[in-house]
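Participant:
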Amino acid sequence: MLDTVEAETQGWALPCRVYDPELWFADRPADLELAKIYCLDCPAREACFAGAQARREPWGVWGGEIFEGGAVVARKRPRGRPRKDAAA
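With my numbering applied, the sequence shown covers 347 to 434.
#1: How far does the alpha helix (DSSP H) with residue 397 in it extend, from its first residue to its last?
#2: Report yes if the CB atom of residue 411 is closer than 8 Å to the CB atom of residue 422, and no otherwise.
#3: Measuring CA to CA, which of 401, 373, 430, 385 is closest to residue 363?
#4: Residue 379 lies in the alpha helix (DSSP H); which residues open and close that run?
#5: Give me the Cα-Cα distance between residue 359 and residue 392, rounded to the nearest whole angstrom.
#6: DSSP three-state label for residue 358, please.
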């Protein structure tokens with residue numbers, strides 16, 4: 347299991363350092379899903395996730411998972427109130 351420093355020292359291109367880092371802390375759920383996809387092949391993924399759990403990261407994508415309030419969530423809801431169903 348590589349951490350980010352070891353991975354960079356060995357010449358690995360970490361997605362969070364290659365792509366726009368704002369994706370990993372975006373408000374839009376679609377951007378967070380894209381960050382999760384970028385994390386899939388990251389050599390530091392396991393260490394990143396373990397570190398985020400230990401630190402109880404308040405938000406963002408860490409190790410390919412979305413953290414919100416220090417816990418992993420499956421999906422981030424968009425901002426605002428949910429739409430009401432259209433009346434029939």
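Using N, Cα and C, we set each Cβ at its ideal position, and we do this for glycine too. These figures come from a predicted structure and were not determined experimentally.
Facilitator: Taking the definition as stated:
#1: 391-401
#2: no
#3: 385
#4: 375-385
#5: 16 Å
#6: coil
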